[in-house]
Structure formats: C-alpha cells, structure tokens
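Quick notes on the structure that follows.
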Amino acid sequence: MPSSNPPESRLAAIDIGSNSCLLAMARSDGAKVQLFSHRKEAIRLGSALDAQGALSLEAMQRGWACLERYAQVLGDLPRHRVRAVATQTLREASNRQVFLDEGQRILGCSIEVIDGEEEARLIYRGVAQLLPPGPQRRLVVDIGGRSTELCLGQQRQVLQARSFAFGSVTWALRHFPDGELSAKALSQAEAAVADIIAPEAARFAAGQWSHAYGSSGTAGAIVKVLAHAPNGTAGWITRQGLDWLQAQLLRAGHVSRVNMDGLKEELRPMIGGGMSVMRAIFSSLGIERMRVTHGALRHGVLYELAERLDAEASGKHRRRQVAPGP
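Residue numbers (the numbering used here): 331 to 656.
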C-alpha cells in the first residue's frame, strides 16, 4: 500500500547498536520534524565478538535480517533521505566491513560507523530537541551495550562530549560471566567504572549542570523496573531506586533467578552490568536523580538529516532564483 506521506517529505534514521537496531521515520516540512514511526529489534551484536574481535556469522545474519525488514518498511523512500549509523560494536569489530558491505547492499544506502564523540554529540542533540527550551545546563547519560556517552550542553549546544568503551553488555560479560550476582562482583564492577571515568568526572560533575537526563538503553530498562518499586516515581531514576534494585539483584543471586516486573527477558542477562555502570556514574558525578527521556541517537540523526536536506533544497532554490549573467 503506498504511503500517505509524500516521498519528498519523509526521512528515516537507522541506529545499528550493540544490542538493538532501531528505525525512526519522520516527515519534515522545512519548519518542523514530526515523528510518525518507530521500530526496534534486538540483534545482540555486542555479545557476539570473539577473542579476536570478530563478529560471528550468526550475529551478522541477525543484523542483516533486521535490515531486510527495515528496507521493506523504507520502501520507495529515496535513499538520500535515509541516514544509517553504527556505533561501538562495529567500531570494534575486526570484520566490520563484511557486515557493512552486505548491510549497505540490503538498505541501498551507506552505513556510517561514527566515532564515540560524534555519537555523544548526536545523542545530546536528540535529547535536547525533545525537551522544553530553557537556559539551564543539562547532563545527558547514555549507557548502551558496549559504550557509555556523557554529554553536557546548554539548549542545543554541546559543551562537553565523551564516550567510554564500556556498557551493559561488556560489564555483564566481564564482571558477571557466569551470571552470579554477588556483592563483591557488583562492587568491583562499580569501582572499575569509577576508575575509568575519574579523569573526566570533574567536567560532568554536579555543579556543572542543573538537570540530569538518561537516554535509551540501560536508562530505559532501569526506569521501567523502578516504576514497580516501592516509592518508585514513573520516569525517574534515583539513588534510592538504584539501591533497591541492587538489593533485588543480590537477593536473586544469579541472573537466571532475576524476576522483576518491567524487565524484558532479553535484557535480564545485562541488568547487573547496566545497573553497576549506572550506580557508578551516579556516585562519580554526584547525581541524586535523573529524568529518563525519549530523545536518543536516532532523533539527533533525524534532526540533522532534516536540516541538511532543507539546506540543500534552499540552496537549489536560491540558485534557481539567480538570473544568468550576460
């Protein structure tokens, strides 16, 4: 069935992450960008790197199958109106070109492997675009499967952006390889995060910002669990909530026994890794509470794509208005 949105008004962003692949579609009229479709599939690339840093064929096939479905959704959308980006797992994968070549053939457009600071910048842009305007400085934290981004900004301007090569998947594999959730393992996982971010912590610590926001991935998973906690507040992560979550994990003792309302089955193996990273960031940066937002990397990609397309269209229009010389 043909789309009700004219092809020239639609645009799409694809985010190939370490755990999930996301597709967001919008229409742009030159004045605003309106989202109208969102899809997410778990492809679990981040847990499929071998000792040599190569992606398994099985994992690549999961990713390609997802992109095949997304290509069907994109349909006749001109591919210059699609931007696909890939993050930490494909930054690391030694055989990433194999995945990229086939993925680009499937989608009919290029896939950009963006660096960590570009990822952080686009995350901030995606979050800021969906927040009410205001002069206050904002901290944005995005804990993904294999990387964590910290962003400090004011309105839509990024002031500081850093990316770290750890996330819920890497920390689960490194600190809870057998699924055991002990007090010692959780403490060591938190301490390891604190050590890594210590040289940068002052740039993002309380006092540098007025409000803290969590984006995507781990923040989204934790906030859904905390909504069911005693005294939990929908949409917020607090220190008290994280303490409660840690107590639940310690009581379970093993990921196979973790059974909490709001936690998706595919995220259960990573909850110890993600929770320990989040607790360490709260402690290291002096965060008391964090609002979880809908803005994310894919939104930043969409907004910048819309701006580029509008600028190109305006440039063509201006050129058409210039009278030819003698």
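The C-beta atom is built at its ideal place from N, Cα and C for all residues, glycine as well.
*Exposed or buried, what is Arg-426 when buried is set at 16 or more other beta-carbons lying within 10 Å of its beta-carbon?*
buried
_Which residue wins for smallest C-alpha separation from Pro-399, given the options Phe-429, Leu-379, Cys-351 and Arg-374?_
The sequence shown places Arg at residue 399, rather than the Pro named in the question. For Arg-399, the nearest C-alpha among the options comes from Cys-351.
*What's the gap between the Cα of Leu-575 and the Cα of Glu-422?*
31 Å
*Among residues of its own chain, excluding the 5 on either side of Arg-467, which ones have a beta-carbon nearer than 6 Å to its beta-carbon?*
Gln-484, Trp-539 and Ser-540
*Report the three-state DSSP secondary structure of Ser-613 (helix, strand or coil).*
helix
_For Asp-406 and Ser-477, the rounded distance between their alpha carbons_ = 34 Å
*For Trp-539, does the three-state DSSP call read helix, strand or coil?*
coil
_Here's a check: name, in chain order, each residue in its chain whose Cβ is nearer than 6 Å to the Cβ of Ser-367, leaving out the five neighbours to either side._
Met-355
_Touching by the beta-carbon criterion (3+ pairs, under 8 Å), the segment 481-495 and the segment 569-587_ = no
*Output the boundary residues of the beta strand (DSSP E) element that contains Leu-341.*
340-346
*Pick out whichever of Asp-591, Val-523 and Gly-446 has its Cα sitting closest to the Cα of Gly-347.*
Ranked by Cα distance from Gly-347, the options Asp-591, Val-523 and Gly-446 are led by Gly-446.
*Buried versus exposed, by CB contacts within 10 Å (16 or more), Ser-440*: exposed
_Within a Cβ cutoff of 8 Å, which residues of the same chain sit near Arg-392, ignoring the five residues on either side of it in sequence?_
Ile-373, Arg-374 and Leu-375
*Taking C-beta to C-beta, are Gly-383 and Ala-502 nearer than 9 Å?*
In this structure, Gly-383 sits away from Ala-502, with a CB-CB distance that is not shorter than 9 Å.
*Every unbroken alpha helix (DSSP H) inside the segment 403-448 [4 residues or more]*: 418-422 and 426-437
*Give a yes or no on whether the C-beta atoms belonging to Ala-416 and Leu-437 are separated by under 9 Å.*
no
*If you drop the 5 nearest sequence neighbours on each side, which residues of the same chain put their C-beta closer than 7 Å to that of Arg-569?*
Phe-612 and Glu-618
*Alpha carbon to alpha carbon, how far is Ile-444 from Leu-597? Give it in angstroms, no decimals.*
25 Å
*Residue environment, Ser-545, which counts as buried when at least 16 other CB atoms sit within 10 Å*: buried
*asked:* Less than 7 Å between C-beta atoms, sequence neighbours within five positions excluded: which residues of the same chain meet that for Val-363?
replied: Within the same chain, Val-363 has close Cβ partners Ala-356, Leu-632, Tyr-633 and Ala-636.
_Where the beta strand (DSSP E) through Thr-568 begins and ends_ = 566-568
*Taking Thr-548 as part of the alpha helix (DSSP H), name the residues at either end of that continuous run.*
According to the DSSP assignment, Thr-548 belongs to the alpha helix (DSSP H) that extends over 547-556.
*Using beta-carbon positions only, say whether Leu-572 and Met-600 come within less than 9 Å of one another.*
no
*How would you call Ala-521, buried or exposed, if buried means at least 16 neighbouring beta carbons within 10 angstroms?*
exposed
*Candidates Gly-630, Glu-432 and Ser-512: which alpha carbon is nearest Ile-344's?*
Sorting Gly-630, Glu-432 and Ser-512 by C-alpha distance to the C-alpha of Ile-344 places Gly-630 at the top.
_Taking the alpha-carbon of Arg-492 as reference, which of Leu-341, Ala-513 and Ile-473 has the nearest alpha-carbon?_
Ile-473
*Determine which residues share a DSSP beta bridge with Cys-351 and list them.*
Ile-346 and Glu-371
_Unbroken alpha helix (DSSP H) run spanning Ser-517, endpoints_ = 513-534
*DSSP-derived helix/strand/coil call for Ser-498*: Ser-498 falls in the helix class under three-state DSSP.
_Same chain, Cβ closer than 6 Å to Glu-442, five either side skipped, listed in chain order_ = Val-415
*Contacts around Arg-411, its chain only, beta-carbon distance under 6 Å, and the 5 residues preceding and following it disregarded*: Leu-341
*What residue does the beta strand (DSSP E) around Gly-483 start on, and which one ends it?*
DSSP places Gly-483 inside the beta strand (DSSP E), whose first and last residues are 478-484.
*Give the secondary structure of His-629 by DSSP, where H, G and I count as helix, E and B as strand, and everything else as coil.*
DSSP places His-629 in helix when its eight states are reduced to three.
*asked:* Are the CB atoms of Val-607 and Ala-532 within a distance shorter than 9 Å?
replied: no
*Going by CA-CA distance only, name the one from Leu-627, Ala-549, Gln-418 and Pro-462 that's closest to Ala-378.*
Gln-418
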